[in-house]
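Trainee: Please read through the structure below; I'll follow up with questions.
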Amino acid sequence: MKYRYFLLLILIALLPFGAKAITEAEQEAIWRAELAQTEADIAKWQSILSSTKANTTSLQQEAAVLNAKIKQAQALIKKKNIAIEQLGKDISNRVTKIEQLEDRIEKGHESLAQLIRKTNEIDEFSLPEIMLGNKDISDFFSDVDSFQTIKKSLQELFVEIRETKNLTEKEKAALDEKKSTEMDTRASVEAQKREVEKNEKEKQYLIQVNKTQEKTYEQVLAERQAKAAEIKSKLFKLAGGSVAIPFGTALTYAQGASAKTGVSPALVLAILTQESSLGANVGKCYLTDATTGAGVNVSTGKVWPNLMKATRDVTPFLEITNKLGYNAYKTVVSCPIASAGGYGGAMGPAQFIASTWKIFEERLKDTLGHDANPWTAEDAFMASAMYLSDLGAGTGTYSGEIKAACKYYGSGGTTCSYGRSVMSLKAKIQEDIDYLVQYGVSRR
């Protein structure tokens with residue numbers, strides 16, 4: 001018995017090493033089969049969902065709708081996970097190809113250096129010296145042929161290196177695109193997982209309520225409408241000394257800006273929420289010296305020699321406030337961030353510095369039909385959406401939106417702490433928007 005047990009352990013230990021490695025073609029076939037099954041599951045649950053939603057008049061039927069949503073979302077998650085696996089393989093292949101191309105370029109440079117050295121050696125001799133250095137005419141023409149061969153090889157190598165570099169750049173661009181697609185797919189999977197979790201909780205709640213008969217379907221609907229009204233009425237804080245407005249009003253402004261720019265309303269609201277948090281931390285300041293750009297904290301009296309960059313922002317700021325009829329020295333702007341250095345001077349909810357606002361001033365006037373005001377919420381929402389659109393957020397993808405958020409802040413890059421915070425806020429805000437769309441008393 002002990003002998004058999006020992007033999008079994010040896011077989012188990014050896015099994016992975018003896019197993020046949022799966023080929024790329026076999027893996028592709030597996031993925032195609034899994035995708036076909038997943039597509040069938042998605043279609044099946046969509047059909048069930050469509051027929052069930054049309055007849056939702058009870059708690060039990062609503063639980064069935066949620067169950068169909070959960071099953072469909074789970075099938076979509078599976079489909080996207082397959083896509084992530086495929087993207088991972090593609091990314092790995094492209095990384096390997098880029099490494100091989102860069103190796104070719106490096107070897108090409110080495111060969112190029114050798115050929116240039118040989119060319120320089122030949123160039124050091126004059127034609128008479130080469131002729132005198134050869135014993136007969138055949139040696140002379142042999143040297144000439146060698147020289148021509150080197151020259152030709154040099155030219156061909158130049159062409160090859162240039163073509164390899166171009167190919168490498170194309171591969172790097174394709175790799176970046178694949179990485180962005182992978183980031184978007186992963187973000188979509190996480191969003192759907194949150195949706196599944198939320199719907200599962202709601203389904204279990206409805207099943208429990210239906211089982212105990214503690215509430216009627218009408219009472220559950222009334223609860224949802226009350227929560228929707230609460231979401232709409234809660235205050236949405238704004239930066240730059242602007243007064244907070246109801247979330248429902250903020251959403252209306254964001255939806256209006258979205259209609260003109262294609263930027264998600266939730267992203268606009270997330271950016272302005274993030275700016276409000278930053279604005280609360282840095283404080284409010286007034287400009288005191290138009291020559292130097294110095295200012296003072298409204299609350300503490302702390303003097304800031306670098307409130308605004310005098311050569312960049314003071315003149316535009318004076319023009320903006322003058323056009324609006326504001327006292328430039330009693331109009332709130334942001335104080336500098338002490339830990340980061342640099343300047344303050346950001347205006348209103350969107351926290352634009354004056355020189356940036358001037359870039360959008362005419363476009364905003366054409367869109368809004370009036371001179372835009374950085375301290376007016378609706379105008380600031382439009383300006384923020386317009387800027388985000390210019391930065392690439394209009395794609396609606398996770399990668400496009402987080403990059404735009406990073407650029408909005410000024411850090412750039414494909415990701416940053418500011419951008420991650422914005423995207424986290426966006427996910428929470430989107431949940432509130434979705435709730436209002438589904439259960440709100442008045443739906444847009």
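Numbers 1 to 444, taken from the numbering used here, label the letters of the sequence shown in order.
Here a beta-carbon is modelled for each residue, glycine too, at the ideal position from N, C-alpha and C.
(1) Using DSSP bridges, identify the partner residues of D176.
(2) State the DSSP-derived secondary structure class of S264, mapped to helix, strand or coil.
(3) Between V209 and V189, what straight-line distance do the alpha-carbon atoms span, to the nearest angstrom?
(4) Give the DSSP-derived three-state secondary structure of P336 in the structure shown.
(5) Let's test the definition: count the other Cβ atoms within 10 Å of the Cβ of I22 and tell me whether it reaches 16, buried, or not, exposed.
(6) By the three-class DSSP mapping on this structure, what secondary structure does M347 have?
(7) Once DSSP output is grouped into helix, strand and coil, what is the label at P316?
(8) What does the alpha-carbon distance come out to for the pair L132 and L112?
(9) Could you tell me whether the region 356–373 touches the region 329–344, using the rule of 3 or more Cβ pairs below 8 Å?
(10) Quick check on this structure: which residue in L76, K330 and L59 has the alpha carbon closest to the alpha carbon of D41?
(11) With DSSP as the reference, label I22 as helix, strand or coil.
(12) What is the rounded straight-line gap between the Cα of I299 and the Cα of G241?
(13) Would you kindly work out how many angstroms separate the C-alpha atoms of E473 and R186, rounded to a whole number?
(14) Three-state secondary structure (DSSP) at K284?
(15) Is it the case that the Cβ atoms of K290 and V303 are separated by a distance below 8 Å?
(16) Whose CA, out of Q219, Q351, E401 and A404, lies closest to the CA of F381?
(17) At which residues does the alpha helix (DSSP H) containing A380 begin and terminate?
(18) Hey, could you find the ends of the beta strand (DSSP E) V296 is sitting in?
(19) Hey, how far is the Cα of Q274 from the Cα of V422?
(20) Just tell me which of S384, E177 and I320 has its CA closest to the CA of N373.
(21) Could you tell me the alpha carbon to alpha carbon distance between S142 and E26, rounded to whole angstroms?
(22) Considering Q213, what are the terminal residues of the alpha helix (DSSP H) in which it resides?
(23) If you check the beta carbons only, do I359 and D313 fall under 8 Å apart?
(24) Could you spell out where the alpha helix (DSSP H) holding L238 opens and where it closes?
(25) In this structure, does DSSP put V243 in helix, strand or coil?
(26) Strictly by DSSP, which residues pair up with F352?
(27) When you compare only the Cα positions, how much space is there between I130 and E156?
(28) Report yes or no: do the region 170–177 and the region 91–107 share at least 3 C-beta pairs separated by less than 8 Å?
(29) Verify whether the separation of the beta carbon atoms of L101 and E171 is less than 8 Å.
(30) So, A310 versus T288, is the Cβ gap smaller than 8 Å?
(31) For the alpha helix (DSSP H) that G400 lies in, which residues bound it at each end?
(32) Does the distance from the C-beta atom of I245 to that of A383 stay below 8 Å?
(33) I231 and Y435: beta carbons closer than 8 Å?
(34) Measure the CB-CB distance between G248 and S389 and report whether it falls below 8 Å.
(35) Return yes when the Cβ of V220 is within less than 8 Å of the Cβ of L66, no when it is not.
(36) Under the three-state reduction of DSSP, which class applies to D371: helix, strand or coil?
Mentor: According to the data block:
(1) Counted from its first residue, the sequence shown places residue 176 at position 176. BP columns for D176 are empty, so no partner.
(2) In the sequence shown, the residue the question calls residue 264 occupies position 264. Coil, per DSSP.
(3) Stepping through the sequence shown from its first residue, residue 209 is reached at position 209. Stepping through the sequence shown from its first residue, residue 189 is reached at position 189. Cα to Cα, V209 sits roughly 30 Å from V189.
(4) To locate residue 336, count along the sequence shown from 1; it is residue 336. P336 falls in the coil class under three-state DSSP.
(5) For the purposes of this step, residue 22 is identified with residue 22 of the sequence shown, where counting begins at 1. By the neighbour-count rule (16 or more Cβ atoms within 10 Å), I22 is not buried but exposed.
(6) In the sequence shown, counting from the first residue as 1, residue 347 sits at position 347. The three-state reading of DSSP puts M347 in strand, counting E and B together.
(7) In the sequence shown, the residue the question calls residue 316 occupies position 316. Of the three classes helix, strand and coil, the one that applies to P316 here is helix, per DSSP.
(8) On the sequence shown, position 132 is the one that residue 132 refers to. On the sequence shown, position 112 is the one that residue 112 refers to. Unreliable placement is indicated for L132, whose pLDDT of 49 sits below 50; no coordinate value is reported for it.
(9) no
(10) Taking the first residue of the sequence shown as position 1, residue 41 is located at position 41. Nearest C-alpha to D41: L76.
(11) One-based indexing of the sequence shown puts residue 22 at position 22. Shown here, I22 sits in coil according to DSSP, grouped into three states, outside any helix or strand.
(12) By 1-based counting over the sequence shown, the position of residue 299 is 299. By 1-based counting over the sequence shown, the position of residue 241 is 241. Reading the sequence as shown, one finds Ser at residue 299 and not Ile. Between S299 and G241, the C-alpha separation is close to 12 Å.
(13) Since the first and last residues shown for the chain are 1 and 444, residue 473 lies out of range.
(14) For the purposes of this step, residue 284 is taken as the residue at position 284 of the sequence shown. Looking at K284 - three-state DSSP - the assignment turns out to be strand.
(15) Within the sequence shown, residue 290 is the residue found at index 290, counting from 1. Within the sequence shown, residue 303 is the residue found at index 303, counting from 1. For the sequence presented, residue 290 should be read as Ala rather than Lys. Contact flag unset, no.
(16) For the purposes of this step, residue 381 is identified with residue 381 of the sequence shown, where counting begins at 1. It is Q351.
(17) Residue 380 sits at position 380 when you count from the first residue of the sequence shown. A377 to D390 is the span of the alpha helix (DSSP H), which, as asked, contains A380.
(18) Here residue 296 refers to the residue found at position 296 of the sequence shown. First-last of the beta strand (DSSP E) with V296: A294 to N297.
(19) Looking up residue 274 in the sequence shown gives position 274. Looking up residue 422 in the sequence shown gives position 422. The straight-line gap from Cα to Cα measures roughly 6 Å.
(20) For the purposes of this step, residue 373 is taken as residue 373 along the sequence shown, with counting starting at 1. Relative to N373, the option among S384, E177 and I320 whose CA is nearest is I320.
(21) Residue 142 sits at position 142 when you count from the first residue of the sequence shown. Residue 26 sits at position 26 when you count from the first residue of the sequence shown. Caution is warranted here: a pLDDT of 49 is assigned to S142, below 50, making its placement in the model unreliable, and no coordinate value can be reported.
(22) Taking the first residue of the sequence shown as position 1, residue 213 is located at position 213. Note, Q213: premise wrong, no alpha helix (DSSP H); not H, not E.
(23) As a working mapping, residue 359 is identified with position 359 in the sequence shown. As a working mapping, residue 313 is identified with position 313 in the sequence shown. No, these two residues do not count as a Cβ contact at 8 Å.
(24) The residue given as residue 238 occupies position 238 in the sequence shown. From DSSP, L238 is part of no alpha helix (DSSP H); its letter is neither H nor E.
(25) Along the sequence shown, read from residue 1 onward, the residue named residue 243 stands at position 243. Looking at V243 - three-state DSSP - the assignment turns out to be coil, as it is neither helix nor strand.
(26) Here residue 352 corresponds to residue number 352 of the sequence shown, with the count starting at 1. Looking at the DSSP assignment, F352 forms a beta bridge with M347.
(27) The count along the sequence shown starts at 1 and reaches residue 130 at position 130. The count along the sequence shown starts at 1 and reaches residue 156 at position 156. Low local confidence applies: a pLDDT of 47 at I130 is under 50, so the model's placement there is unreliable, and no value is given.
(28) yes
(29) Reading the sequence shown from its first residue, position 101 is the one you call residue 101. Reading the sequence shown from its first residue, position 171 is the one you call residue 171. Yes, Cβ-Cβ distance for L101 and E171 is below 8 Å.
(30) Translated into the one-based positions of the sequence shown, residue 310 becomes position 310. Translated into the one-based positions of the sequence shown, residue 288 becomes position 288. Contact flag unset, no.
(31) Locating residue 400 in the sequence shown gives position 400, where the first residue counts as 1. It spans Y398 to Y409 - the alpha helix (DSSP H) in which G400 sits, taken as one unbroken run.
(32) Position 245 of the sequence shown, counted from the start, is the residue given in the question as residue 245. Position 383 of the sequence shown, counted from the start, is the residue given in the question as residue 383. Against a cut-off of 8 Å, the Cβ pair of A383 and I245 comes out as no contact.
(33) Locating residue 231 in the sequence shown gives position 231, where the first residue counts as 1. Locating residue 435 in the sequence shown gives position 435, where the first residue counts as 1. Yes, the pair counts as a contact, with Cβ atoms nearer than the cut-off.
(34) Here residue 248 refers to the residue found at position 248 when the sequence shown is read from its first residue. Here residue 389 refers to the residue found at position 389 when the sequence shown is read from its first residue. No, the pair does not count as a contact, with Cβ atoms beyond the cut-off.
(35) Counted from its first residue, the sequence shown places residue 66 at position 66. Counted from its first residue, the sequence shown places residue 220 at position 220. No.
(36) Mapped onto the sequence shown, residue 371 falls at position 371. D371: coil per DSSP, three-state reduction.
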